[in-house]
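S.K.: Quick one: the structure is below, and I'll ask about it shortly.
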Amino acid sequence: MTTASNSYDVFVIGGGVNGTGIARDAAGRGYSVMLAEMNDLASGTSSAATKLVHGGLRYLEHYEFKLVREALIEREVLWAAAPHIIWPLRFVLPHHKGLRPAWFLRLGLVVYDYLGGRKLLPATKTLDLRKDVTGKPLKPGYSTAFEYSDCWVDDARLVTLYAKDAEAKGARIATRTKVIGAQRGAGGWQIQLEGPNGAETVRAKLLVNAGGPWVDQVINRALGRNDARNVRMVKGSHIVVKKLFDHDRCYIFQNADNRIIFAIPYEQDFTLIGTTDQDFAGELGKVEISAEETNYLLSAASEYFAKPVTRDQIVWTYSGVRPLFDDGATAAQEATRDYVIRTEAEPDGAMINVFGGKLTTSRHLSEEVVDGFAKLIGQKGPRWTHGAKLPGGEFETTGFEAEVRKLAGRYPWLEAKLARRLTRLYGTRAVVLLGEASGVADLGESFGADLFAREVDYLTREEWAHTAEDVLWRRTKLGLRVSQADIDRLAAYLAARR
Ligand code: FAD
């Protein structure tokens, strides 16, 4: 740690998966760090993903072997770090006559299986859909599928855990704090912030711009350059429908336009379907699914499911913008998903801009970004995040069920469903949340579903939650289950605490 209270080694702009990942890595190596997020943590792209920790099977078709290999290796690294919010999923890829041939899919999956890093995840196998349970919800014409492994992640919680870990290692995390200006000067950067307590100016030797889709806007507006055109914004939308099937596996469907969509078991009672790939030129912060995207997803899913998926089944939709590095590809789905790190090594204030990236590669990206600090502001500690746990994940990679039993044993009055939900969200920290509670009455006011004041208090105290939306859509997904009256009561409760 260094320097006076408003002066840091590193200042990170953006509380998405990349900004928080970088802050965590840097703080753990001993740099003094501040991160500013203009809204809530993960309020940008990092809560709008398909939520897969995956190699990206279809990127093999674009010959992105390096990206796929790195991402495949990261699957088990991230799963081990946070086995409460990350878990393995099996993907069923039906062979569609007229689209990619079966031998081609099989070959792709052999490469996927052996390209890197698979130790605990099971290998690919072939399924006879006429016999396997995964064939039941599909049209009878689909007879063969390939089943392979990837992982699932609660994207918004991954961001919160990176931020928690960064804070535990000394970083200052300021949410609802916008960077409105930054100038180079003797001794580094002067950075102007607008936050809940008004304006503030801080200093830093190094500025990291992890603004996601806003990365060019930060360069143009906060730094006043007006020349940045690095990001290709590609919108992706999802629909959530009532559960379409009863097993725990996920489908990956090929479409006639060469794209793929997923249909994933979601929050026990739902199915998540996505995503689209559309160039985006609208206003960031107002990203919504279009009628065309909804129709696309409904018809792509209905090409496979025996019972057509219809608009009235939709209970929620969400959309986000991929901040892809503009590599000049013509089609949105062909633009590279790899990340690009650009460094400006100016003596009066160094800067690193981060473009692109995925949830899956966020830890690896952070490591590479922080490795670059040595040349700019001096060497500190070595790499450390490979093999390190995230808060709440301090148990065996495959030990989730045992952890649920442990929590239920310690709080025998806790409903089984709630014990499972709390373990999923908070892992070993569920006991910090529950503390000395000795019955449901100790959980306080109920806000619908199984959300009680005790959890809300924990989220405001420990996880930077301020609004009902932060609690219901990012720290938890209970927004899918509560009524408007519940939301209003929760909002009033949170307002009274401020
Ligand atoms: P963001 O999460 O957008 O974070 C940037 C943050 O910077 C924002 O929160 C914003 O508020 C803040 N900010 C901007 N300007 C300022 C300022 N001036 N001051 C302070 N704060 C500021 N990846 C996977 O690995 N698996 C997937 O399944 C997957 N699916 C995806 C599906 C879709 C539809 C999309 C869109 C992306 C998907 N991704 C997936 C990619 C992944 O979600 C993104 O690459 C990642 O979330 C980008 O994170 P980020 O931190 O760069 O950006």
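Read left to right, the sequence shown gives residues 1224 to 1721 (the working numbering). Idealized CB from N, CA, C, for every residue including glycine.
Residues in its own chain within less than 8 Å of Arg1247 by CB, not counting five upstream and five downstream?
M.R.: Tyr1385, Ala1386, Asp1388, Ala1389, Lys1392, Ala1394, Ser1589, Thr1608
S.K.: What separation, rounded to the nearest whole angstrom, lies between the Cα atoms of Gly1242 and Gly1418?
M.R.: 18 Å
S.K.: For a minimum of 4 consecutive residues, which ranges assigned as the alpha helix (DSSP H) are wholly contained in the stretch 1327 to 1376?
M.R.: none
S.K.: Give me the Cβ distance between Val1382 and Val1441, rounded to the nearest whole Å; I'm assuming they're in contact under 8 Å.
M.R.: With 8 Å as the limit, Val1382 and Val1441 do not qualify as a contact, their Cβ atoms being about 18 Å apart.
S.K.: Is the beta carbon of Asp1336 closer than 9 Å to that of Tyr1371?
M.R.: yes
S.K.: I want to check one thing, is the minimum distance from the CB of Thr1584 to the heavy atoms of the ligand FAD below 8 Å?
M.R.: yes
S.K.: In the structure shown, what three-state DSSP assignment does Lys1700 receive?
M.R.: coil
S.K.: Should Leu1602 be labelled buried (16 or more other beta-carbon atoms within 10 Å of its own) or exposed?
M.R.: In the sequence on display, residue 1602 carries Gln and not Leu. Flag for Gln1602 reads exposed.
S.K.: For Phe1528 versus Pro1360, is the C-beta distance shorter than 9 Å?
M.R.: yes
S.K.: By the three-class DSSP mapping on this structure, what secondary structure does Arg1722 have?
M.R.: Beyond the ends of the chain as shown, which are 1224 and 1721, falls residue 1722; an answer cannot be given.
S.K.: Does the stretch 1568 to 1576 come within contact of the stretch 1532 to 1544, defined as at least 3 CB pairs closer than 8 Å?
M.R.: Taking 8 Å as the limit for Cβ pairs, the verdict is that the stretch 1532 to 1544 does not touch the stretch 1568 to 1576.
S.K.: Under 9 Å, do Leu1717 and His1689 count as touching if we go by C-beta distance?
M.R.: yes
S.K.: Say yes only if the C-beta of Leu1260 is nearer than 8 Å to one or more non-hydrogen atoms of the ligand FAD, and no if none qualify.
M.R.: Checking the sequence, you will find Glu at residue 1260 rather than Leu. Glu1260 Cβ: within cutoff of the ligand FAD.
S.K.: Enumerate in chain order the residues of its own chain whose CB-to-CB distance from Leu1682 is below 6 Å, with the five nearest sequence positions on each side excluded.
M.R.: Ala1688, Val1694, Arg1698
S.K.: Kindly say whether Val1382, judged by its beta-carbon, lies nearer than 9 Å to any beta-carbon of chain E.
M.R.: The displayed structure is made up of one protein chain only, and chain E is not part of it.
S.K.: Between Arg1376 and Glu1490, what straight-line distance do the alpha-carbon atoms span, to the nearest angstrom?
M.R.: The question names Arg, but residue 1376 is Val in the sequence shown. One C-alpha to the other measures close to 12 Å.
S.K.: Give a single yes or no on whether Asp1378 has its beta carbon closer than 8 Å to a heavy atom of the ligand FAD.
M.R.: yes
S.K.: For Leu1338 versus Leu1316, is the C-beta distance shorter than 9 Å?
M.R.: no
S.K.: Would you call His1470 buried or exposed, if buried means 16 or more other Cβ atoms sit within 10 Å of its Cβ?
M.R.: exposed
S.K.: Does the ligand FAD have a heavy atom nearer than 8 Å to the CB of Leu1430?
M.R.: no
S.K.: According to DSSP, which residues form a beta bridge with Ser1460?
M.R.: Ser1542
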